[in-house]
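J.: Attaching a single structure in structure tokens format; questions to follow.
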Amino acid sequence: GCRLGGEGKLGHAVATEYDLPRTWIDTMGSVQEYGLRKNSCYGLFVKDEAAVFCTSSEIAYCSESAVFVRDNATCCIEESQLRSTDIAFTAGLGFGRSLAVKGCTVLCKRLWYDEDRPLHDVLEATSVTVEGVQTSQ
316 GCRLGGEGKL GHAVATEYDL PRTWIDTMGS VQEYGLRKNS CYGLFVKDEA
366 AVFCTSSEIA YCSESAVFVR DNATCCIEES QLRSTDIAFT AGLGFGRSLA
416 VKGCTVLCKR LWYDEDRPLH DVLEATSVTV EGVQTSQ
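Letter by letter, the sequence shown follows residues 316 to 452 in our numbering.
Structural data, given as structure tokens:
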């Protein structure tokens, strides 16, 4: 599994968790300053013909949505957490081929950005809490 999205609380940057120097370079090459909270627009941005399988991961602190699927892309997320984001899922231009979410915990303000959905979407054995109201899918 992995951690995708932003970093969370102010003053709790990744550098403190992994004992890295006060300034370090992340995988995208940008300079990260210790103690500053960073957000990501999307935790997963899946487009074109891409196929993504994500398991045992955490997607959090995304300013737009945790998962964005478009074109003819396929995304499967299993046994993961999507949290601390306003919107869990967005289907963009072309809507995406499929989005499968299985055995996950989703904590968000809204499940979908709008009425657009991938051609095939499945939320299976997933705990969903939207604005404090818990449901199971």
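Built from N, CA and C at the ideal position, the CB exists for glycine as well.
May I ask you to report which of helix, strand or coil DSSP gives F410?
T.: Three-state result, F410: coil.
J.: Could you round the C-beta distance between N387 and E364 to whole angstroms and report it? I think they count as a contact, below 8 Å.
T.: Between E364 and N387 the Cβ distance is about 5 Å, and since that is below 8 Å, they are a contact.
J.: As a quick exercise: from A440, T389 and R398, pick the residue whose alpha carbon is nearest that of V361.
T.: Closest option to V361, Cα to Cα, is T389.
J.: Would you list the one or two residues that DSSP bridges to E439?
T.: Bridge partners of E439: K417.
J.: Under a three-way DSSP split, which group does C317 fall into?
T.: Three-state result, C317: coil.
J.: Find the nearest neighbour of I402 within the set G411, C317, E446 and L319, judged by alpha-carbon distance.
T.: Among G411, C317, E446 and L319, the Cα nearest to that of I402 belongs to E446.
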